[in-house]
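Numbering (full-length UniProt numbering), first residue to last: 1 to 446. Beta carbons: idealized from backbone N, C-alpha and C, even for Gly. Note that this is a predicted model, so its numbers are computed, not measured. Inspection log for the structure reproduced underneath, given as structure tokens.
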Amino acid sequence: MDNSDAFGSSTAPLTWHDFLERMRHPSAADFVKSIKSFIVSFLNNAPDAERDGAAVQEFLGNMEAAFRAHSLWAGSSEEDLESAGEGLEKYVMTKLFTRVFASIPEDVKADEQLQEKMALIQQFIRPENLDIKPSYQNEASWLFAQKELQKINMYKAPRDKLVCILNCCKVINNVLLNASISSNEDHPGADEFLPVLIYVTIKANPPQLHSNLSYIQRFRRQTRLVGEAAYFFTNMLSVESFIANIDAKALSMDEAEFEKNMESAQALLAGLSESSDNLYGQTDQNFEHVEPKPVSNSQSPVESSETNSKKNESDVKDHFSLDKTPSISDIQNIGADKLLKEEEVNQIFRDFPYFYSQAFVLTIGDVEDLLNNYKQLVFKYACLAKGLGMTASTPLETATDSEKRNVANPNDDMQKDLSEVLDYSKVPEEAAFRTQVDEGDENSER
């Protein structure tokens, strides 16, 4: 199997429907019992990284071997068996997630140290510090890679977290390849790829990087962490090691310049933190007694927004009467920072019906709803800008990466549990394969 095939095997859309159907078959009762028994037994043990990883790997291996020997999978293709293994891994690890993710003090400490170091270095690092050639520098495109990496905490299954890393790496790889073609240079290799991945990771500062990498390393089925997936993941491990040990020499700086930049970054972040605390405090004071009210049938949402806008206009102005009025972008950045720290961040977006939709599934009726929603959003945005004394000229960002949401209809406990797993731990869309999800995903994921 070549690298490309390995990548596809590791990240191709899964056919969940078949696995769900087989798990609710009466002859699968022993499988269901074994899975639930393992989970209960595992949760009763104290955390031990090495033992936990070995226990999960052994259980997944034994169960997959049992699948292959069972009549339910008689005559099944290798793809069907792979899907069964993926479904099992996702179900088990989502159930065990809170017990095994960042559960070791050493992992938590490493996360904090990495996040703090990246937050400082990202304030002054430049591509030149990592010897990235000008012809390969494309910070606008690298933003897409950063966004892919920042999604990693939205998912619980090891495979889904791995896909976020692979998406990031594939974006970088494609950008470098296009740059080499444009400049008639040799195809970029590891010497060109790794520095860009380091730069992108520092700029992205993904949450709990060490814990996420350790989680994938311990609990992703080892037989599937191969080929290109293994190559990119190994590069990310190298990135973590580089950042943890980064110093002046690593950034092609003299010691005095490096220390000065670090001190300036610390002062800057300390100031931003103080400003954020003040903003949070004033927000709590102004809105702690405000409760959402339903819109009556006789009142349109736009009218309701306009009324509320006029009613609170003076409060909003008083609320932001700081020495320096924060911009909409400032508030958005603060909100984004808080959002990334949410444990169930994708639960928030599930309240918005089209957030996980894809263009090809929209109907004419959906277009009308989307237009109305867009108008309301623009109105609220304009009110916010006006209240802050800003000009509402920044175009609203449109989402290009989305997932399809369809409601599963489970008929027994096992199917219900599996559907819940797939509901809040969805498979991230692969950047390398922008194709329609298959029937299995459509019937089991929201």
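**Asked** Out of curiosity, what's the CA-to-CA distance linking F38 and R159?
**Response** If I take the Cα positions, the gap works out to 20 angstroms.
Report the option in A256, D48, I202 and F42 whose CA atom is closest to the CA atom of A102.
Comparing alpha-carbon positions, the option among A256, D48, I202 and F42 lying closest to A102 turns out to be D48.
Quick check on R126: does DSSP put it in helix, strand or coil?
Coil.
Note to self: Only counting the same chain, and skipping five residues up and downstream in sequence, which positions put a Cβ closer than 7 angstroms to that of A265?
What the structure shows: L120, Q123 and F124.
Host alpha helix (DSSP H) of A65 (start-end): Segment A49 to A69, the alpha helix (DSSP H) holding A65.
* Asked: Cα-Cα, which of E148, L225, L43 and Q113 is closest to R99?
  -> The residue with the shortest Cα to Cα distance from R99 is L43.
- Message: Only counting the same chain, and skipping five residues up and downstream in sequence, which positions put a Cβ closer than 8 angstroms to that of N138?
- Response: So the list reads V175 and A179, once near-sequence residues are dropped.
What does the Cβ neighbour count give for S211, buried or exposed, with the cut at 16 atoms within 10 Å? Buried: at least 16 other Cβ atoms inside 10 Å.
- Confirm, please, whether the CB-CB distance from M63 to K156 is below 8 angstroms. Their beta carbons are not under 8 angstroms apart, which means K156 does not touch M63 by this criterion.
Which residue from R24, L209 and A54 puts its Cα closest to that of A110? Taking only the C-alpha atoms, the option nearest A110 is L209.
- Task: Please state if the CB of L149 and the CB of A229 are separated by a distance shorter than 8 angstroms.
- Result: Going by beta carbons, A229 and L149 fall outside the 8 angstroms limit.
Notebook entry, point to check: If we ignore side chains and look at the alpha-carbon of each, how far apart do E257 and D247 end up?
Noted result: Each residue's alpha carbon lies about 11 angstroms from the other.
Problem - Check whether N205 and Q115 have beta carbons under 8 angstroms apart - result: Yes, they are a contact pair.
- Message: Going by DSSP, what residue range makes up the alpha helix (DSSP H) through V226?
- Response: No alpha helix (DSSP H) contains V226, which DSSP labels as neither H nor E.
Compute the distance between the beta-carbons of P195 and D131, then report whether it is under 8 angstroms. Contact check for P195 against D131 passes: the beta carbons are separated by less than 8 angstroms.
Checklist entry - When the Cα atoms are used, what is the spatial distance from P188 to A267? => result Taking the straight line joining both Cα atoms gives about 38 angstroms.
field: Spatial distance of V171 from D186 (CA atoms)
entry: Counting only the Cα atoms, D186 lies some 18 angstroms from V171.
**Prompt:** Excluding five sequence neighbours on each side, which residues of the same chain lie with their C-beta closer than 6 angstroms to the C-beta of K33?
**Reply:** Excluding five sequence positions before and after K33, none of the CB atoms of its chain fall closer than 6 angstroms to its own CB.
*asked:* The alpha helix (DSSP H) that contains M118, what's its start and end?
replied: P105 to I121 is the span of the alpha helix (DSSP H), which, as asked, contains M118.
Assuming Q217 and Q57 are in contact, meaning their beta carbons sit under 8 angstroms apart, how far apart are those beta carbons, in whole angstroms? Contact annotation, Q217 with Q57: C-beta distance approximately 11 angstroms; criterion of less than 8 angstroms not satisfied.
So does the region 69 to 78 actually touch the region 231 to 240, counting three or more Cβ pairs closer than 8 angstroms?
Under the 8 angstroms Cβ criterion, the region 69 to 78 does not count as touching the region 231 to 240, having fewer than three qualifying pairs.
### Query
Using CA coordinates, which residue listed in K151, I35, K117 and R68 is at the minimum distance from K95?
Ranking K151, I35, K117 and R68 by Cα distance to K95 puts I35 first.
| message | Rounded to whole angstroms, what is the Cα-Cα separation between F19 and K375? | response | Spanning the two alpha carbons is a distance of roughly 42 angstroms.
According to the Cβ coordinates, are Q113 and K203 closer than 8 angstroms? With respect to K203, Q113 sits apart: the two C-beta atoms are not nearer than 8 angstroms.
**Q.** Outcome for R220 when other beta-carbon atoms lying within 10 angstroms are tallied against a minimum of 16
**A.** Counting the other Cβ atoms within 10 Å of the Cβ of R220 gives 16 or more, which makes it buried.
V367, buried or exposed, once every other Cβ within 10 Å from all chains shown has been counted against 16: V367 is exposed by the Cβ-count criterion.
| query | Can you tell me whether A190 is buried or exposed, with buried defined as 16 or more other CB within 10 angstroms of its CB? | reply | Under this definition A190 is an exposed residue.
Subject >> Distance between L225 and S252 (C-alpha atoms, nearest Å) >> reply: Near 34 angstroms, if we compare the C-alpha coordinates of L225 and S252.
Review point. Under three-state DSSP, which class holds S76?
Key: It is coil, neither helix nor strand.
For this session: Assign N173 to one of two classes, buried (16 or more other C-beta atoms within 10 Å of its C-beta) or exposed (fewer than that).
Result: Its Cβ being crowded by 16 or more others within 10 Å, N173 is buried.
request  = Just mark Y136 as buried or exposed, buried being the case when its beta carbon has 16 or more other beta carbons within 10 Å.
outcome  = With 16 or more other CB atoms across the displayed protein chains lying within 10 angstroms of its CB, Y136 is buried.
- Close-in-space but distant-in-sequence residues of the same chain around E255 (CB under 6 angstroms, 5 per side omitted): A distance below 6 angstroms between beta-carbons, with the five flanking residues on each side excluded, links E255 to the following residues of its chain, in chain order: A248.
| Near E192, what residues of its chain come up, given a Cβ to Cβ distance below 7 angstroms and the 5 sequence neighbours on each side ignored? | Here the set comprises Y136 and L176.
* With a Cβ-Cβ cutoff of 8 angstroms, do I152 and C169 count as a contact? -> In this structure, C169 does not lie closer than 8 angstroms to I152 by Cβ.
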